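Reading through the structure tokens given below for one structure.
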Amino acid sequence: MNSPTEIKSDILITDYAMDRAAREIREKVSEVLGGNPEIDLRVPPPDIAAHFAIPCFPYAKTMRKAPNAIAQELADKITVGADNYIGRLEALNGYLNIYLNIPKTTGEIFSDFETYGNSYGCNSTGKGKTVVIDFSSPNIAKPFSVGNIRSTVIGQSIYNIYAANGYKTIGDNHLGDWGTQFGKLLYAYELWGDDEKIRQNPIKELLNLYVKFHAEAKQVGGNAASEEDENSETSENPMENEARKRFKMLEEGDAEATRLWKWFVDLSLTDFDKIYNRLGIHFDLTLGESFYNDKTDEVIKLINEKGIGTREADGSLLIRLDEQGITTPILVQKKDGASLYATRDLAGLIYRIREYNPDIIMYVVGSEQKLYFQQCLKVLDLMGFNTRAVHIDFGMVSLKEGKMSTREGRVIFFEDVIEEAYQRALKILEEKRPDLSPEERLEIAEVVAVGAIKFNDLSQSRQKNVVFDWDKMLAFDGDTAPYLQYSYARVMSLLRKADAAGQVMPELLTEPEEFSLLRRLARFPEAVAEAAKEFAPHIIAQYLIETARIFTEFYGRVPVLKAADENIIATRLQLVRYYAEVMKSGLALLGIKTVERM
RNA sequence: GGGGAUUUAGCUCAGGGGAUAGAGCAACUGCCUUCUAAGCAGUGGGUCGGGGGUUCGAAUCCCUCAAUCCCCGCCA
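No gaps in the numbering here: position 394 of the first sequence is 1430 in the numbering used here, and each next residue is one more.
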């Protein structure tokens, strides 16, 4: 219904050449059409030479005229001069095709780059507004696996994208550091724990305890805990009951339970931090679920005050949401009075609203929790808060062998993935760039490896499920980060070779490839705005891939350093520099670094 | 049983009412005396899951069926 340009011109406070051009086109077309017509301004497919187009089919009915006649009328009646963005118009197949005034547009795009500098592409839509982004959120005492990377990488990118749209961004790592799983771990530790082993290899040993617990629980419980649905009859299972008791103790502040819990948390955080450092992930807050433990009473109190909960016969507290269109009720307190994730998430929502007064609270969490978040957000409404909260869901990561399962030890450690990527990148560098110093090769390999892994997740839309595949994730050619990084490095190499003679004169750009590249670069701000609106990093990723392709066309056909005139050389170099800037900024939005050579 | 997501080239995916449906990988043909071959140029490859409907126009919207995955109270 709305084209990106349409939305953008409404919400953007900053403006770029393409916005101004779009505004002029809209105004002039509106004048001729009269009234307040819907104008579907779009960029035509590549085989059409025009820069913008407006389909005139929708007007045919009311105007009682053939679409192409309308297009022709528009083309005839709109008058333009040398100071207009519109260069010329033509009617074709029912479209009004618009060609930009190239000298004017070129000059303005150049000055946009000069004006905005490093922040080219940014806008101030979010000025004065705050967003809280809940992402990564791994579980303590479990390894950081390939299942954790989607939230981490997508969350960080959305964080960057919102910052580029002018928002104050607060990233919160909502650690899974509370809940019955700790009861399980505490009980397993009581039975089989070995401090020495844990110290030597913390995460793997804690994982062993966790896995052993479940193996044992399955044994003890007979067929009570079936493989498909471990939770269905867990109350029958003595192991699970012991675990629940331990969690209840922890929740009530038992000293020994707390001491062990704290130890496990520290061990895990040390491990996670290594990965976050390597990935360049930054959080403003690391408040786990445990942080909200003493804030759940208020949630229960609020629920009671508002009268939205139902106390069940067994003592548990339930909220029914049928009137809100959700037929599944949500449980907010267990029969033993202990809190649940829902209670803590609600406490988290309230805390964030009070502390930061955000415009949006985002949860970057897998789509298997979709219903759960719908419920939570409805409850938030019912409790009388009107802050916008969105669940940014994404598809599941599974293995070729099937679903991942921490409790069965069927996981791929992220550490292994990044190490493999690093080794593969290093090997290629040793073959291709023996001229670089070993230290530099190590650095480049790291940047390339991290880039490849992140881009793999960020270049496709979030909703798809993904089957983990080493070769796909670690691909270095085709539509990948290394391809873009390589394109950037080549350009940097070219820029290093340039000498400063010659003057930048935008009017010297007359080749069609030059203008298509420039026009493409001018659409970067649109991609930045659109990616935020859609919570979709892949819009940036796709934009960069297409931009690199257009750059290649330019680069293949237009000589830069070998151009005839030194002013042309200087101007083309400037264009190349702008390309490099967009590539670097765009990759940065995805959390991907660039290197000067590779 | 109810709800949600997905289904586009051999494979992985873009495109979400408008011009002849696009990339990458894989396959095939060329290209390192020419700004870095993680590259470039080119070729082949499609009933956009099936069937109905709405529309001047449908991969795109609606209905229906099918397949895959996920969710549906004491795990997170």
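Each residue gets a CB set at the ideal place from its N, CA and C atoms; glycine is no exception.
Note that the structure is predicted; figures quoted are calculated from it, not measured.
message: Looking only at its chain, what residues have a beta carbon closer than 6 Å to the beta carbon of Ile1239, apart from the 5 residues adjacent to it on each side?
response: In the first sequence, counting from the first residue as 1, residue 1239 sits at position 203. So the qualifying residues of the chain are Pro1179, Asp1307.
query: On the premise that Asp1395 lies in contact with Lys1163, defined as a C-beta separation below 8 Å, what is that separation, rounded to the nearest angstrom?
result: Taking the first residue of the first sequence as 1, we reach residue 1163 at position 127. Taking the first residue of the first sequence as 1, we reach residue 1395 at position 359. Not quite, the Cβ-Cβ distance comes to about 11 Å (not below 8 Å), so this is no contact.
field: Contacting residues, own chain, Cβ-Cβ under 8 Å from Asp1417 (five flanking each side not counted)
entry: As a working mapping, residue 1417 is identified with position 381 in the first sequence. The residues are Gln1360.
query: Where does Asp1170 land, buried or exposed, given buried means 16+ other C-beta within 10 angstroms?
result: In the first sequence, residue 1170 corresponds to position 134, counting from 1. Buried, because 16 or more other Cβ atoms sit within 10 Å of the Cβ of Asp1170.
- prompt: Would a C-beta distance cut-off of 8 Å place Pro1573 and Ile1190 closer than the cut-off?
  reply: Working through the first sequence from its first residue, we reach residue 1573 at position 537. Working through the first sequence from its first residue, we reach residue 1190 at position 154. Yes; because the gap between Cβ atoms is below 8 Å, this pair is in contact.
- prompt: Do you know offhand how far Ile1043's Cα is from Leu1520's?
  reply: As a first step, residue 1043 is located in the first sequence; it is residue number 7 there, counting from the start. As a first step, residue 1520 is located in the first sequence; it is residue number 484 there, counting from the start. Unreliable placement is indicated for Ile1043, whose pLDDT of 31 sits below 50; the coordinate value is still reported in the next sentence. Each residue's alpha carbon lies about 29 Å from the other.
field: Paired residues, beta bridge with Pro1091 - DSSP
entry: Here residue 1091 corresponds to residue number 55 of the first sequence, with the count starting at 1. Pro1091 is bridged to Tyr1131.
- prompt: In chain order, what residues of the same chain have a beta carbon less than 7 Å from the beta carbon of Glu1278, not counting five sequence neighbours either side?
  reply: Taking the first sequence and counting its residues from 1, the one referred to as residue 1278 is at position 242. The answer, listed in chain order, is Tyr1223.
message: To test your reading of the DSSP string, which unbroken beta strand (DSSP E) runs of 3 or more residues are found completely within the stretch 1200-1250?
response: 1204-1208
task: Going by CA-CA distance only, name the one from Ile1138, Glu1109, Leu1110, Asp1112 that's closest to Gly1123.
output: Residue 1123 sits at position 87 when you count from the first residue of the first sequence. Looking at the Cα atoms, Ile1138 is the closest of the given residues.
Bridge partners - Gly1438, DSSP secondary structure assignment: On the first sequence, residue 1438 is found 402 positions in, with the first residue counted as 1. Answer is Leu1435.
- request: Quick one: grab the DSSP three-state call for Ser1160.
  value: For the purposes of this step, residue 1160 is identified with residue 124 of the first sequence, where counting begins at 1. Ser1160: coil per DSSP, three-state reduction.
query: In chain order, what residues of the same chain have a beta carbon less than 6 Å from the beta carbon of Tyr1203, not counting five sequence neighbours either side?
result: Working through the first sequence from its first residue, we reach residue 1203 at position 167. Spatial neighbours of Tyr1203 in its own chain (CB-CB distance under 6 Å, excluding positions within 5 residues in sequence) are listed in chain order as Gly1162, Lys1165, Val1167.
message: Using 8 Å as the cut-off, can you tell me whether the stretch 1444-1463 makes contact with the stretch 1411-1431, which would need three or more C-beta pairs spanning the two stretches below that distance?
response: no
- prompt: Which residue from Glu1602, Leu1376, Glu1475, Met1619 puts its Cα closest to that of Tyr1579?
  reply: Mapped onto the first sequence, residue 1579 falls at position 543. Measuring from the Cα of Tyr1579, the nearest candidate turns out to be Met1619.
Pick from Ala1291, Leu1315, Val1182, Leu1136 that is closest to Gln1192, judged by C-alpha positions: As a first step, residue 1192 is located in the first sequence; it is residue number 156 there, counting from the start. Residue Leu1315 is the option with its Cα nearest to Gln1192.
- prompt: By a C-beta neighbour count over all protein chains shown, 10 Å radius and 16 as the cutoff for buried, is Ser1326 buried or exposed?
  reply: Start at 1 with the first residue of the first sequence, and residue 1326 comes out as number 290. Per the 10 Å Cβ criterion, buried.
field: Nearest residue (CA-CA) to Ala1085, options Cys1158, Glu1126, Leu1544
entry: By one-based count along the first sequence, residue 1085 stands at place 49. When only C-alpha atoms are compared, the closest one is Glu1126.
- request: With a cut-off of 8 Å on the beta carbons, I'd call Ala1293 and Leu1303 a contact; round off their distance for me.
  value: Within the first sequence, the letter at position 257 stands for residue 1293. Within the first sequence, the letter at position 267 stands for residue 1303. Actually they are not in contact, since the Cβ atoms of Ala1293 and Leu1303 sit about 16 Å apart, beyond 8 Å.
- prompt: To which residues of the same chain is Pro1518 closer than 7 Å at the C-beta, ignoring the five residues directly before and after it?
  reply: Translated into the one-based positions of the first sequence, residue 1518 becomes position 482. Val1484, Gly1487, Ala1488, Phe1512, listed in sequence order.
- prompt: Apart from the five residues just before and just after Leu986, which ones in its own chain have a Cβ nearer than 6 Å to its Cβ?
  reply: In the structure as shown, the chain begins at 1037 and stops at 1634. Residue 986 is therefore absent and cannot be evaluated.
Rounded C-alpha distance that separates Asp1055 from Thr1363: In the first sequence, counting from the first residue as 1, residue 1055 sits at position 19. In the first sequence, counting from the first residue as 1, residue 1363 sits at position 327. About 45 Å.
- prompt: Per DSSP, Ile1169 is paired with what?
  reply: As a first step, residue 1169 must be located in the first sequence, where it is residue number 133. DSSP lists Gly1207, Met1398 as partners of Ile1169.
- request: Taking Gln1405 as part of the beta strand (DSSP E), name the residues at either end of that continuous run.
  value: Counted from its first residue, the first sequence places residue 1405 at position 369. Gln1405 -> no beta strand (DSSP E), and no H or E assigned at all.
query: Ile1075 and Tyr1131 look like a contact to me (Cβ under 8 Å); what is the Cβ gap, rounded to whole Å?
result: As a working mapping, residue 1075 is identified with position 39 in the first sequence. As a working mapping, residue 1131 is identified with position 95 in the first sequence. So it is not a contact: roughly 13 Å between Cβ atoms.
query: Exposed or buried, Asn1196, counting other C-beta atoms within 10 Å across all chains shown (16 or more means buried)?
result: Here the question's residue 1196 lines up with position 160 in the first sequence. Under this definition Asn1196 is a buried residue.
- request: Return the CA-CA distance between Ala1261 and His1250, expressed in angstroms with no decimal places.
  value: Indexing the first sequence from 1 puts residue 1261 at position 225. Indexing the first sequence from 1 puts residue 1250 at position 214. Residue placement at Ala1261 is poorly supported in this model, since its pLDDT is 40, which falls under 50; the coordinates are not used for a value here.
query: In three-state DSSP terms, what is Glu1359?
result: By 1-based counting over the first sequence, the position of residue 1359 is 323. Residue state for Glu1359 is assigned as helix, using DSSP reduced to three classes.
task: Quick one: residues in its chain with C-beta nearer than 6 Å to the C-beta of Met1398, no 5 flanking neighbours on either side, listed in chain order?
output: In the first sequence, the residue the question calls residue 1398 occupies position 362. Around Met1398: Ile1169, Val1426, Ile1428.
- prompt: What span of residues does the beta strand (DSSP E) with His1574 cover, start to end?
  reply: Taking the first residue of the first sequence as 1, we reach residue 1574 at position 538. Note, His1574: premise wrong, no beta strand (DSSP E); alpha helix (DSSP H) at 1573-1593.
query: Counting along the chain, where does the beta strand (DSSP E) carrying Gln1499 start and finish?
result: Working through the first sequence from its first residue, we reach residue 1499 at position 463. Counting along the chain, Gln1499 falls outside any beta strand (DSSP E), and DSSP gives it neither H nor E.
message: Per DSSP, what are the beta-bridge partners of Thr1346 in this structure?
response: Counting from one through the first sequence, the residue named residue 1346 turns up at place 310. The bridge partners DSSP lists for Thr1346 are Leu1354.
query: Buried or exposed: which applies to Asn1267, given that a residue is buried once 16 or more other Cβ atoms fall within 10 Å of its Cβ?
result: Translated into the one-based positions of the first sequence, residue 1267 becomes position 231. For Asn1267, the predicted model reports a pLDDT of 42, less than 50, meaning its position is unreliable; a value from the coordinates is still stated below. Exposed, since its Cβ has fewer than 16 Cβ neighbours within 10 Å.
field: Reduced DSSP category for Glu1536 - H, G, I as helix; E, B as strand; rest coil
entry: As a working mapping, residue 1536 is identified with position 500 in the first sequence. For the sequence presented, residue 1536 should be read as Ala rather than Glu. Residue state, collapsed to three classes: coil.
field: Glu1126 (DSSP reduced to helix, strand or coil)
entry: Taking the first sequence and counting its residues from 1, one reaches residue 1126 at position 90. Note: Glu1126 maps to strand in three-state DSSP.
Cross-strand partners of Val1426 (DSSP beta bridge): On the first sequence, position 390 is the one that residue 1426 refers to. For Val1426, the pairing in a beta bridge is given by DSSP as Met1398.
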